[in-house]
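So the sequences go chain by chain: A and B.
Under this note's numbering, the first residue of the first sequence is numbered 1, with each subsequent residue one higher.
Under this note's numbering, the first residue of the second sequence is numbered 1001, with each subsequent residue one higher.
Virtual Cβ for every residue (Gly too), placed ideally from N, Cα, C.
Keep in mind that this is a model prediction, so the values were computed, not measured.
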Amino acid sequence: MLEQQIVNGLMLGSVYALVAVAFTLAIGVLNFLNFSIPGLFMVAGMLTWFLLRAGMPWPLAAALAIASGGLLSLLVERFTYRLMSRSEHFVPLVTSMAFLILFENLVLIVWGSDLQRVPLPFESVSFKLGPTVVAVPQLVGLACAVLAVALLDLVLRKTRIGRGLRTIAEDAEVAIMLGVGVGRVVPVVFLVGGLFTALSGFLFALNYQQASPFMGEEIALKGISAMVVGGMGNIWGAILGGLLIGIVETFSIHLLGARAVDISVYGLLLAILFVRPTGLLGGAVRQARV
Amino acid sequence: MSGYLESVLVLLAINIILAYAAFLPMVAGQLNLGVAAFVAIGAYSAGYLSNSFGLHPVPAALMAVAIAALTGWLVAFPILRTRGIYLALATFALNQVVQGTILNLNVVGGASGYPVPAHIGFPVVAAFSLAVIVLVFLAFRTRFGISVTAVSDDERVADLMGLSVRGVQSAAFTAGAALAGLAGALYAHHFNYIEAQNYGVLFSIYIVLYVLLGGTQTVYGPLLGAAVFTLLPELLRGSAAWRYVIFACLIIAIMSLRPQGVILKRAWFSK
Chain A
1 MLEQQIVNGL MLGSVYALVA VAFTLAIGVL NFLNFSIPGL FMVAGMLTWF LLRAGMPWPL
61 AAALAIASGG LLSLLVERFT YRLMSRSEHF VPLVTSMAFL ILFENLVLIV WGSDLQRVPL
121 PFESVSFKLG PTVVAVPQLV GLACAVLAVA LLDLVLRKTR IGRGLRTIAE DAEVAIMLGV
181 GVGRVVPVVF LVGGLFTALS GFLFALNYQQ ASPFMGEEIA LKGISAMVVG GMGNIWGAIL
241 GGLLIGIVET FSIHLLGARA VDISVYGLLL AILFVRPTGL LGGAVRQARV
Chain B
1001 MSGYLESVLV LLAINIILAY AAFLPMVAGQ LNLGVAAFVA IGAYSAGYLS NSFGLHPVPA
1061 ALMAVAIAAL TGWLVAFPIL RTRGIYLALA TFALNQVVQG TILNLNVVGG ASGYPVPAHI
1121 GFPVVAAFSL AVIVLVFLAF RTRFGISVTA VSDDERVADL MGLSVRGVQS AAFTAGAALA
1181 GLAGALYAHH FNYIEAQNYG VLFSIYIVLY VLLGGTQTVY GPLLGAAVFT LLPELLRGSA
1241 AWRYVIFACL IIAIMSLRPQ GVILKRAWFS K
C-alpha cells in the first residue's frame, strides 16, 4: 500500500517535473514566468484526444501533439520576450497570461467544454511489479524528463549555444555586447520549453485518459510550485521538486482527503518561499524581476 | 431600470472596486496574484456575519472589509519579505491556500457553495463604488500617491528621501486587500450566493489583466480597464468564449503596441 502511494506520487510527479523544467528554463535563462505553458499543455492533451479519436496511429498523433507545443511556443515568443527589451518588465508575463486565456477559449469554441475521454491506442498502459501497479506513460515521462534534463545540462555546459544561454541568463545586455545572437538563441529556449510541455500534456492525456480545455491550470500551478520548491532556474531542481510535489499530493489525498491537497501543496510552496526562496537546490537569490 | 441593465451596472461597480484592489499594490511595485483570496475572505466573512448574527448587510460588509484588511496587513509581513517574481508567486500560493481552506470549511458550506439571503440593492453598491473612486483619486492627490510612486520607481532613493519604504508597501498591500474584501462582500449580498471555486488564481489574473489593459500610470486606467472588461461581453452578446478570445487578443495587441496601457500620464498632464 505504501509502495503503491510512493509509485503513484512519483508517477504524478513526473508530469509536474516536465512542466517544471519548461517553467524553470524560461525563468533561469530569460527571467520570465511563462504563463502560456498551461495553454500549451492543454492544447497538446486535447490534440492527443482529437487525433486518437479520429483513428490516427499513435506515433503520428504523439508527434503532432508534441510539435504543436513547440510551434505555439514560438508564436508566444514573438509577442513576449521579443518585446521585453523595449518595454516594462511585466509585459511578457501579462502577454503570456493573455495567451493562456486565448488558447483555452479557442479550444473551448472548437471542441466544447466537456471532459473528453481519451481512447487508448494500446491494450493496457500499466504493468504489475509485485503488488504495485506501474503506469507506462508516466514511467516514460519520468525517463524522458531525466534524459532530457541530462541532455539539456550537457548542452548548457558544453556547447556554443549553451554558453550563449548562460551569458543571457547572467546579463542580457552584456550578452549582446559580447556578440551572442540573442535573437537566435532565445527562440531555442521557447522551442525546448514548448516541446517539454507538450510531451507532458500528451503523456498526461494517455495516462489519465482524459482531456479538457482546463486541464492545464491545475498541472501548471503545481509545476510552478515544483519549480520553486526545487530552486528556480535549476533544471535538476525542477525534477526533484516535481517528484516531491507528486508525493506530497498523493500522501495528502491518502491521509487527509482530496480536498486538502491544495492546502498542503501550496502551503509547502508558501513555506519554501518564506523560509528558503531559493528552493532546495537553488544557489544565492537572484534579483528576479516579474 | 430593467433587471438586466441593473445587473450589468452592479458588475461594473464591483469590477471597478476590484480594479483598484489590484491597482494599489501594483503601483507600489507588487504584482498581487492573490486578489481573489481577499475577495473570498470578504465575501465569506460578510455572508457569515449576516447569516449567523443577523447583521444588516452594510455593517456586515464594513466588518468584512476590516477582516480582509487585517488579514492583508498580517500576511503582508511575510509576503513583503519576498520581492519581484517571488512576491507574485507567494500571493498566488496564498490564493490557493485560502481557496483550499474555504473549500474545507463546512460552516460556510465547503465545496457546495454558500447562500447569503440578505440583499444589498444596486444604489448601495453604486454608492460604495463611487466612494472608492473618490477615495482613490483623493489619495493620489496627497503625499500617499507621491510616496507610492517614489517607492515603485526607486526604493533606494525613496528610502534616502526619508520615506518608510516598508510602511508604504504594506499600506498599499493592505488597502488593496480591504478593497478586494469590500468587492467580495458586495457581490455576496447582491447576488446572494457565493462559491469558493470561483475565487481561484485565474480570477486574480483576470483582474490584473484588465487593470494593465487600462494602464497603471494614472488613476483613470483601472476605471477604463474595468469598463472595457465588463461592457465588452455585453456589447458582443456572443458566446462567453468569444469575448475572452477578443479580450486576450486586445491584451496581446495593446501590450505589443502600447505596453504602458491605454491611458498614459502624458495624455492628461501635458499640453
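TODO: Kindly confirm or deny that the region 263 to 275 of chain A and the region 21 to 38 of chain A touch, where touching means at least three C-beta pairs closer than 8 Å.
DONE: no
Open item on the list: Any beta carbon from chain A within less than 8 Å of B:W1242's own beta carbon?
Closed with: yes
TODO: Hey, could you find the ends of the beta strand (DSSP E) A:T132 is sitting in?
DONE: T132 to A135
- [ ] Just the C-alpha distance for B:A1267 and A:V94, rounded to the nearest angstrom, thanks.
- [x] Because B:A1267 sits at a pLDDT of 45, beneath the cut-off of 50, its placement in the model cannot be relied upon, and the point is left open.
TODO: For the region 1179 to 1249 of chain B, list the alpha helix (DSSP H) runs that are entirely contained and at least 4 residues long, ordered along the chain.
DONE: 1201 to 1214 and 1220 to 1236
TODO: Please state whether DSSP places A:R157 in a helix, a strand or coil.
DONE: helix
Task: Where the beta strand (DSSP E) through B:L1130 begins and ends - done: It is not in any beta strand (DSSP E) - B:L1130 instead sits in the alpha helix (DSSP H) that spans F1122 to A1139.
Open item on the list: Would B:Y1020 and B:L1179 qualify as a contact pair, given that the criterion is a beta-carbon distance under 8 Å?
Closed with: Cβ distance < 8 Å, so B:Y1020 and B:L1179 count as in contact.
Open item on the list: Under 7 Å, CB to CB, which of the residues in the region 1082 to 1109 of chain B have a partner in chain A?
Closed with: T1082, G1084, I1085, Y1086, A1088, L1089, A1090, A1093, L1094, Q1096, V1097, Q1099, G1100, T1101, L1103 and N1104
Task: N- and C-terminal bounds of the alpha helix (DSSP H) containing B:F1144 - done: R1143 to D1153
Task: Amino acids of chain B, ordered along the chain, whose beta-carbon sits closer than 9 Å to that of A:I109 - done: Result: S1239, A1241, W1242 and V1245.
TODO: Would you kindly work out how many angstroms separate the C-alpha atoms of A:A288 and B:Y1086, rounded to a whole number?
DONE: In this prediction, A:A288 has a pLDDT of 42, which is less than 50 and means its spatial position is unreliable; what the coordinates show is noted afterwards. Computed Cα separation, rounded: 8 Å.
TODO: Count the CB pairs spanning the region 1031 to 1047 of chain B and the region 1217 to 1232 of chain B that are closer than 8 Å, and state whether there are at least three.
DONE: no
Task: Candidates A:A65, A:L100 and A:A62: closest to A:F79 by CA position - done: The residue among A:A65, A:L100 and A:A62 with its C-alpha nearest the C-alpha of A:F79 is A:L100.
- [ ] Count the other CB atoms, across all protein chains shown, that sit within 10 Å of the CB of A:R53; report buried if there are 16 or more and exposed otherwise.
- [x] exposed
TODO: Since I believe A:A20 is in contact with A:M227 (beta carbons under 8 Å), could you give me their beta-carbon distance rounded to a whole number of angstroms?
DONE: Indeed they touch by this definition, with Cβ atoms about 4 Å apart.
Open item on the list: Could you compute how far the alpha carbon of B:I1016 sits from the alpha carbon of A:A61?
Closed with: 46 Å
Task: Chain-ordered chain B contacts of A:V21 [CB-CB under 7 Å] - done: Within chain B, no residue comes near A:V21; the closest Cβ sits about 17 Å away, beyond 7 Å.
- [ ] Please report how far the alpha carbon of B:R1243 lies from the alpha carbon of B:C1249, in whole angstroms.
- [x] Distance between the alpha carbons of B:R1243 and B:C1249: 10 Å.
Task: Given A:Q5 as reference, the closest of A:L273, A:L280, A:L255 and A:R259 once Cα atoms are compared - done: For A:Q5, the nearest C-alpha among the options comes from A:L255.
Task: Whether A:W58 touches A:V118 by CB criterion (8 Å) - done: no
- [ ] Within its chain, find whatever has a CB closer than 8 Å to the CB of B:V1008; leave out the 5 residues flanking it on each side and keep chain order.
- [x] Within the same chain, B:V1008 has close Cβ partners T1230, L1231 and E1234.
Task: A:A17, buried or exposed, once every other Cβ within 10 Å from all chains shown has been counted against 16 - done: Here A:A17 is buried, its C-beta having at least 16 other C-beta atoms within 10 Å.
TODO: Tell me, please, whether the region 1179 to 1191 of chain B touches the region 1063 to 1076 of chain B by the rule of three or more beta-carbon pairs shorter than 8 Å.
DONE: Touching, per the Cβ criterion.
TODO: Quick one: measure Cβ to Cβ for A:S200 and A:G141, integer angstroms, because I've assumed they're closer than 8 Å.
DONE: 6 Å
Task: Identified DSSP bridge partners for A:S126 - done: A:A135
Task: Where A:A211 sits in the DSSP three-state scheme - done: strand
Task: Contact under 8 Å by Cβ, A:P92 with A:N207 - done: no
Task: chain B residues whose Cβ lies nearer than 7 Å to that of A:L147 - done: Listed by position along chain B, the residues whose Cβ is nearer than 7 Å to that of A:L147 form an empty set, because the closest Cβ is around 28 Å away.
Task: Beta-carbon proximity of B:V1151 to B:V1168, cut-off 8 Å - done: yes
Task: Nearest-angstrom Cβ-Cβ length linking B:Y1193 and B:G1100, presumed shorter than 8 Å - done: About 20 Å separates the CB atoms of B:Y1193 and B:G1100; that is not less than 8 Å, and the two are not in contact.
Task: alpha helix (DSSP H) segment containing A:R276, residue limits - done: A:R276 -> no alpha helix (DSSP H), and no H or E assigned at all.
TODO: Can you check DSSP and say which residues form a bridge with B:Y1114?
DONE: B:I1194
Open item on the list: Based on DSSP bridge pairs, tell me the residues matched to A:Q116.
Closed with: A:A211
Open item on the list: Run through chain B and tell me which residues come within less than 7 Å of A:V228, C-beta to C-beta.
Closed with: L1089
Open item on the list: I'd like to check one pair, B:A1046 with B:A1185: are the Cβ atoms closer than 8 Å?
Closed with: yes
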